[in-house]
Every structure is written in structure tokens, then in C-alpha cells.
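Participant: I have a structure I would like to understand better, so I am pasting it below and will then ask my questions one at a time.
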Amino acid sequence: MSSAPTPRAVTVRDIRDRKGKEPIVVVTAYDVLFGRLVDQAGVDIVLVGDSLGNVVAGFQSTLPVTLDNMIYHGAAVCRGVSRALVTVDMPFLTYQISTEKALANCGRVLAETGAQAVKIEGGSERIAETVSRLVEIGIPVMGHLGFTPQSVNAIGVRVQGREAEEAERLVQEAKRLDEAGAFAVVLELMPADVAARITASISAPTIGIGAGVSCDGQVLVLPDLLGLNEGFAPRFLKQYANLSETVRDAVRAYGDDVKQRRYPSADHSF
Ligand code: KIV
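Counting in the working numbering, the sequence shown tops out at residue 400, every number present.
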């Protein structure tokens with residue numbers, strides 16, 4: 131268990147106040163080193179995403195990720211972040227079974243990681259009711275609509291909201307989460323005009339990923355952004371580095387040095 135929650139500079143209120151003003155920068159992180167680096171780079175929100183199931187553990191989906199996994203990684207990230215708001219994803223089946231279970235599990239996440247907020251997927255009436263109860267007891271909630279990875283078996287990996295009826299449903303779900311008190315809503319994989327409509331319809335800021343230019347902020351999965359997740363190249367992704375190559379080069383150079391007895395040298399010896 132971590133020590134008392136760290137008071138960080140960015141609050142959920144700051145994030146809400148940014149709507150329509152300055153774009154909100156969100157990135158994922160899963161450990162203390164990258165948590166510290168992205169915080170130093172000045173992001174507004176560090177999301178400990180359950181995408182760690184894919185990019186850290188190598189699963190095909192986020193479904194096998196457990197509450198204990200999220201607490202372990204959430205606490206690690208929190209130990210590295212002193213400024214940004216830290217939000218932890220609630221994994222599959224930790225908030226959908228009943229509102230009571232959601233309150234207990236989300237409470238555990240905040241108490242045991244030191245994060246300031248949680249993220250949950252979906253916009254049904256039942257989820258909105260859960261969001262409302264969480265907010266009422268002081269647990270800030272980020273929503274997540276569009277492609278919701280925990281429902282991959284039901285909806286497939288595809289752009290959501292292309293049909294008028296589906297788009298209208300997404301707008302209604304966003305309004306529901308907004309009324310329930312979500313402090314921000316992630317919009318994943320949807321046509322830009324649908325994301326723009328949602329962004330204009332709700333008071334909470336929208337955070338897009340594959341949702342076009344009109345959202346109030348953007349989120350990317352850190353290994354994708356850094357070019358560490360080779361072979362993953364969806365149209366919406368912009369890679370800002372090629373760290374796979376950097377890592378391979380560095381480890382190759384180390385291996386060569388060891389084999390040639392260039393490392394360690396006398397300088398590295400006691
Ligand atoms: O798990 C995650 O990283 C996410 C982002 C893609 C929004 O939910």
C-alpha cells in the first residue's frame with residue numbers, strides 16, 4: 131500500500147476549466163520511470179491505462195487485467211508523478227457488476243495507489259448511475275465512449291458511430307456521463323464529426339484518440355507514441371520517436387562491448 135495520496139498540482143477542476151481554452155495533453159504510463167519522464171515533459175494527465183494488458187503483458191485484449199495489476203502499476207506511476215493528474219483505469223468486471231462493488235473497488239484504487247481519479251468504460255444508464263455515486267462520495271471519474279476495449283468481443287475493433295443511430299446513441303451516452311458528473315470523457319475511434327458534436331454538447335472536456343481534431347484534448351498510448359510497439363500503426367497514430375531501434379542499438383553495443391572485453395573497463399571497476 132502506498133503512503134498518503136500525494137497532493138499534485140493539476141486537479142480535476144483544472145481539467146474541467148480547460149474546456150474550450152487550452153488543449154489537454156494526456157498520455158499513458160505504467161511504471162515509475164516513464165511516469166516521471168512524462169510528468170517532467172509537462173503532460174496534464176497521466177493515464178494508467180488497462181492497455182497495459184496489451185503493451186506490458188502481451189495479452190490480446192485488456193480483459194485479463196486484474197484490479198491488483200492496476201493497483202500495482204498505478205502506485206508505481208504515482209511514485210514518479212509530482213505534477214500531473216493521475217487517473218487509473220478500472221479493469222473489466224470491477225465496476226460493472228454492481229454500484230456497491232464499483233464504489234469499493236474504485237475506493238481501493240485511490241487509497242492504495244495515490245491516484246486522484248479513475249476511468250470507467252461505457253455510457254449506459256447503469257454506468258451513469260455508478261458514475262454519479264462515485265462522484266457523490268468524492269471519487270472523480272473519467273468516462274470512455276466509442277470503441278471501448280473491454281467490450282471488444284461484443285463490438286469488435288472498429289470505428290463506432292458511423293451510422294446516424296449509433297452516433298445519436300453516443301451523443302446521448304456522453305450527455306448522461308456529463309450529467310452524472312464525469313470530469314472528462316475519452317472518445318475513442320469515432321468519426322471526427324461525431325466527436326465534434328459530442329464535444330459541443332457536454333460541459334466536460336472530451337479527450338480524443340482516433341476521434342479527430344475537435345476534442346478538448348488528446349490521449350495516446352505511450353509505447354505507440356514512442357515507437358516501441360512495432361507493427362501497431364493505426365491511421366490515427368503519430369509516432370514521435372523510434373525507441374525500438376534505439377533500444378536494439380544500445381543493447382547490441384553493450385553485447386559487443388562485453389564480448390570484446392571493452393566493458394567493464396578499469397574506469398568501471400572498484
Ligand atoms: O487503456 C488505455 O490506455 C486507454 C486509452 C487508450 C484511452 O483507455
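Cβ coordinates follow ideal geometry from the N, Cα and C atoms, glycine included.
Could you tell me which residues DSSP puts in a beta bridge with H401?
Facilitator: Since the first and last residues shown for the chain are 131 and 400, residue 401 lies out of range.
Participant: For the candidate residues V349, G340 and C345, whose alpha-carbon lies nearest to that of A326?
Facilitator: C345
Participant: From D323 to D144, what distance separates their C-alpha atoms?
Facilitator: 26 Å
Participant: Report yes if the C-beta of L300 is less than 7 Å from at least one heavy atom of the ligand KIV; otherwise report no.
Facilitator: Because no heavy atom of the ligand KIV lies under 7 Å away, the Cβ of L300 does not count as near it: no.
Participant: What does the alpha-carbon distance come out to for the pair A258 and H398?
Facilitator: 58 Å
Participant: Ends of the alpha helix (DSSP H) at G204?
Facilitator: In the DSSP assignment, G204 falls within the unbroken alpha helix (DSSP H) covering L197 to G210.
Participant: Take the Cβ of G244 as the centre, count every other Cβ of all protein chains shown within 10 Å, and call the residue buried at 16 or more, exposed below.
Facilitator: buried
Participant: Rounded to the nearest angstrom, what separates L163 and R148 at their Cα positions?
Facilitator: 27 Å
Participant: In chain order, what residues of the same chain lie with their CB nearer than 6 Å to the CB of Y370, ignoring the 5 residues before and after it?
Facilitator: L355
Participant: Which of helix, strand or coil does DSSP assign to K389?
Facilitator: helix
Participant: Quick one: is G385 buried, meaning 16 or more other Cβ sit within 10 Å of its Cβ, or exposed?
Facilitator: exposed
Participant: Return yes when at least one heavy atom of the ligand KIV lies under 7 Å from the C-beta of E303, else no.
Facilitator: Not under cutoff, so the answer is no.
Participant: Please indicate yes or no: does the CB of L177 lie closer than 7 Å to some heavy atom of the ligand KIV?
Facilitator: yes
Participant: Could you check where the beta strand (DSSP E) with A334 kicks off and where it finishes?
Facilitator: Here A334 belongs to no beta strand (DSSP E), and DSSP marks it neither H nor E.
Participant: What's the C-alpha gap between I269 and K231?
Facilitator: 14 Å
Participant: Are the beta-carbon atoms of T278 and E251 separated by less than 8 Å?
Facilitator: yes
Participant: Is I339 near the ligand KIV, in the sense that its beta carbon is under 7 Å from a heavy atom of that ligand?
Facilitator: Remark: the shortest separation between the CB of I339 and any heavy atom of the ligand KIV falls under 7 Å.
Participant: Using a Cβ-Cβ cutoff of less than 7 Å, which residues in the same chain neighbour Q280 once the five nearest sequence positions on both sides are dropped?
Facilitator: T192, L193, F222 and E251, listed in sequence order.
Participant: Can you tell which of I227, T217 and R288 has its C-alpha closest to the C-alpha of K249?
Facilitator: For K249, the nearest C-alpha among the options comes from T217.
Participant: Based on DSSP bridge pairs, tell me the residues matched to T158.
Facilitator: L177
Participant: Straight-line CA distance for Q190 to D387?
Facilitator: 36 Å
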